[in-house]
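Scroll down for the structure; my scribbles are underneath it.
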Ligand code: NZQ
Ligand code: ZN
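Residue numbers (the working numbering): 66 to 455.
This is the structure we're talking about:
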């Protein structure tokens, strides 16, 4: 049975090869001062920066640049962005980049007018926003996080060794997002496949929870099949527009709040991955791939029927003559082969985790209770140990 819910999503999307043309239209809705936020320079190399700046200038906008947003944006960078946005009295924050840039833009948007320390208020105390929010628009260049159509904003505090995501409400969602699959062609393969696994993990972490028959689970099975199909093509030919556009659209639907409606969700792989990320600054999607299978093998006995359904409906496992456990395990082993085929990282050692870090990482994992099994602290540590590989 589906639980009761309210659903709406305020982000307007422009999708396709000509989607940047709509930026002009959107810019008319906002004042003159624009905070142009981007990362370490990929948009300068591939020409997106020049295209965006030309449009901003032709619309008579004053540009305040905020460059150097790092993957896994830090709290220090957040303070710097707020300062810059305040100085420029900005009317719109335009994020051009991947999830890190979009997340950061949202974190700045709620913090510019915040009277307290935003890290304490939004990340440690998880409070709602009660001050003015500067609107955000996104031009996406890396696919995976879903940040283009959600309220997530993950920030890392390296000193406290904490990486925390605040999922803000609709008032913080981007007002608009421009999704041009061609912009993702220049991604290095490592980032591309990390993004593919991030998408898969978002879907699985909403799928592996609850026993009921509901529409959301069927939607997720469809998204997974599309992702698996297109990602295999994209790995062989990164410039296959059909595959990259399907993946871009799948990523948005995987985490724009729709598929979680009316059901419970798990999210423990992200909790594990984020703590690994806080210690290693590793690429987000790879922190997830490296812990996933040990986690799923740990919880499989508690959600056996769903793992069986996953094996049959997503991985086409033939059930005849096999026990439920055999079917479920065959599904996970097909998933494992797929992960190796696309080339994601399969253990946390490869991400720089050493044995002496394991207890600290385990302590940094927020234990959630929406999945098939609420892990004990010892079980969290065990999953991390199992994720070290051989
Ligand atoms: O910084 P630049 O030079 O732009 O390079 C970036 C970065 O090094 C590069 N890149 C992006 N687009 C490119 C490109 N390189 C060449 N061509 C392009 N078109 O890719 C690298 C990674 O970018 P990043 O934005 O860090 O990746 P991603 O999109 O995976 O974002 C990761 C962040 O999002 C958070 C993660 O925790 C992490 O901090 N997440 C946000 C979520 C949300 N809002 O709901 C949910 C996710 O689960 C995730 O936690
Ligand atoms: Zn993610």
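For glycine and all other residues, C-beta sits at the position ideal for the given N, C-alpha and C.
Given the structure, does residue i come close to the ligand ZN, in the sense that its CB is under 6 Å from one of the ligand's heavy atoms?
i           : result
residue 263 : yes
DSSP three-state call for residue i: helix, strand or coil?
i           : result
residue 217 : strand
residue 433 : coil
residue 326 : coil
residue 192 : coil
residue 345 : helix
residue 228 : strand
residue 438 : coil
residue 79  : strand
residue 241 : strand
residue 139 : strand
residue 311 : helix
residue 294 : helix
residue 335 : helix
residue 378 : helix
residue 363 : helix
residue 183 : helix
residue 456 : In the structure as shown, the chain starts at 66 and stops at 455, and residue 456 therefore has no counterpart that could be examined.
residue 152 : helix
residue 198 : coil
residue 281 : helix
residue 426 : helix
residue 70  : coil
residue 233 : coil
residue 452 : coil
Measure the beta-carbon distance from residue i to residue j and round it to whole angstroms, keeping in mind my assumption that it falls under 8 Å.
i           : j           : result
residue 256 : residue 348 : 7 Å
residue 139 : residue 207 : With 8 Å as the limit, residue 139 and residue 207 do not qualify as a contact, their Cβ atoms being about 18 Å apart.
residue 379 : residue 392 : About 12 Å; that fails the 8 Å criterion.
residue 209 : residue 263 : 4 Å
residue 400 : residue 259 : Residue 400 to residue 259, Cβ: 16 Å. No contact.
residue 317 : residue 211 : 6 Å
residue 458 : residue 131 : The structure shown has nothing for residue 458, since the chain only spans 66 to 455.
residue 108 : residue 114 : 4 Å
residue 354 : residue 409 : 4 Å
residue 377 : residue 437 : Actually they are not in contact, since the Cβ atoms of residue 377 and residue 437 sit about 18 Å apart, beyond 8 Å.
Confirm the yes/no value for this check: CB of residue i, any heavy atom of the ligand NZQ, distance under 6 Å.
i           : result
residue 107 : yes
residue 434 : no
residue 349 : yes
residue 199 : no
residue 211 : yes
residue 219 : yes
residue 85  : no
residue 207 : yes
residue 296 : no
residue 277 : no
residue 168 : yes
residue 252 : yes
residue 112 : no
residue 165 : yes
residue 162 : yes
residue 271 : no
residue 136 : yes
residue 256 : yes
residue 104 : yes
residue 321 : no
residue 215 : yes
Do residue i and residue j have their C-beta atoms within less than 7 Å of each other?
i           : j           : result
residue 422 : residue 344 : yes
residue 311 : residue 340 : no
residue 435 : residue 277 : no
residue 271 : residue 325 : yes
residue 375 : residue 243 : no
residue 238 : residue 216 : yes
residue 413 : residue 442 : no
residue 133 : residue 98  : no
residue 368 : residue 329 : no
residue 336 : residue 273 : no
residue 204 : residue 161 : yes
residue 166 : residue 104 : yes
What are the residues that DSSP puts in a beta bridge with residue i?
i           : result
residue 103 : 161
residue 98  : 127
residue 147 : Bridge partners of residue 147: none, in fact.
residue 203 : 160, 242
residue 222 : 227
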